[in-house]
Amino acid sequence: MRVDDQGFRGLVEEHQSMVFSIALRMLGDQGAAEEVAQDVFVELHDKLERLESSEHVRFWLRCVASHRATDYLRRRRARPESFAEEWTEQHENAVTIRMAASDAVETRLERMLLSLPEAMRTAVVLRYQEEMTPAEIADVLAQPVATVKSNLQRGLEMLRRKAEVVLKEFARER
157 MRVDDQGFRG
167 LVEEHQSMVF
177 SIALRMLGDQ
187 GAAEEVAQDV
197 FVELHDKLER
207 LESSEHVRFW
217 LRCVASHRAT
227 DYLRRRRARP
237 ESFAEEWTEQ
247 HENAVTIRMA
257 ASDAVETRLE
267 RMLLSLPEAM
277 RTAVVLRYQE
287 EMTPAEIADV
297 LAQPVATVKS
307 NLQRGLEMLR
317 RKAEVVLKEF
327 ARER
């Protein structure tokens with residue numbers, strides 16, 4: 157697919173929220189998500205001529221965004237401090253008593269999502285945020301559909317169990 161600079165800018169504008177959103181949901185950190193999104197679009201610029209259509213571009217962006225976010229998580233894991241600990245430290249001060257109930261629940265839900273194992277979190281984000289089918293997710297992740305479905309089922313079950321605990325805690329706070 158060939159486009160000039162203005163056409164490339166149009167592609168970025170059209171898809172930037174999707175790419176950023178995938179990265180943000182997988183990483184839980186706005187700065188990291190912005191970095192990953194930028195890397196994805198740099199790579200798109202380099203490989204755009206190999207992509208055949210706008211549908212192929214969208215598929216490619218979803219695939220690369222999820223892979224780059226996974227790569228980012230793996231690099232973070234190599235550090236002495238875990239990503240979850242770092243995220244918690246960064247965001248503990250942001251949670252205050254004045255926070256509205258819906259904000260508190262949303263924050264807890266985001267933490268629950270971030271606490272899922274990487275494969276489950278990726279599947280859940282692509283399925284429910286990006287509204288991809290299990291077959292599409294399997295294509296993006298180069299996994300069998302059965303693996304994707306298993307990760308979705310296990311991820312949702314883990315989220316249900318965690319949600320029960322959070323809701324009980326929330327009810328006690330009220």
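So the sequence shown is numbered by the numbering used here: it starts at 157 and just counts up by one.
By construction, the Cβ of each residue, glycine as well, lies at the ideal position given by its N, Cα and C atoms.
### Limits of the unbroken alpha helix (DSSP H) element including T278
First-last of the alpha helix (DSSP H) with T278: E274 to V280.
### Task
Report the option in Y228, V304 and V213 whose CA atom is closest to the CA atom of A188.
When only C-alpha atoms are compared, the closest one is Y228.
### Query
Is M182 near S222, with beta carbons less than 8 Å apart?
Contact flag set, yes.
### Task
Taking D202 as part of the alpha helix (DSSP H), name the residues at either end of that continuous run.
DSSP places D202 inside the alpha helix (DSSP H), whose first and last residues are Q186 to K203.
### Assigned secondary structure, R160 (DSSP; H/G/I helix, E/B strand, else coil)
The residue asked about is misnamed: residue 160 is Asp in this sequence, not Arg. Collapsing the DSSP output to three states places D160 in coil.
### Query
For V281, which residues from the same chain have a beta carbon less than 7 Å from its beta carbon, with the 5 sequence-adjacent residues on both sides left out?
Same-chain partners within the cutoff: I178, R181 and M182.
### Message
I'd like to check one pair, L308 with R283: are the Cβ atoms closer than 8 Å?
### Response
Between R283 and L308, the CB-CB gap stays under 8 Å.
### Task
Would you kindly check if the distance between the Cβ of L204 and the Cβ of N174 is under 8 Å?
Position check: residue 174 holds Met in this sequence, whereas Asn was assumed. No, they are not a contact pair.
### Message
Could you check whether the Cβ of E266 sits closer than 7 Å to any heavy atom belonging to the ligand COA?
### Response
In the structure on display, the ligand COA does not appear, and there are no ligands present to speak of.
### Message
So A294 and P300 are supposed to be a Cβ contact under 8 Å. How far apart are they, rounded?
### Response
Taking 8 Å as the upper bound for CB-CB distance, A294 and P300 are in contact here, some 6 Å apart.
### Message
Helix, strand or coil for T252? Go by DSSP, reduced to three states.
### Response
A caution first: T252 carries a pLDDT of 43, below 50, which makes its placement in the model unreliable, though a value can still be read off. In the structure shown, T252 sits in coil (DSSP, three-state: anything other than H, G, I, E or B).
### Task
State the start and end residues of the unbroken alpha helix (DSSP H) segment that holds P290.
For P290, the uninterrupted alpha helix (DSSP H) run begins and ends at P290 to L297, by DSSP.
### Query
Do you know whose CA, among V198, L323 and G311, lies nearest E262's CA?
Of V198, L323 and G311, the smallest CA-CA separation from E262 is found for L323.
### Message
Tell me which residues share the same chain as A298 and place their Cβ nearer than 7 Å to its Cβ, disregarding the 5 neighbours each side in the sequence.
### Response
Same-chain partners within the cutoff: there are none.
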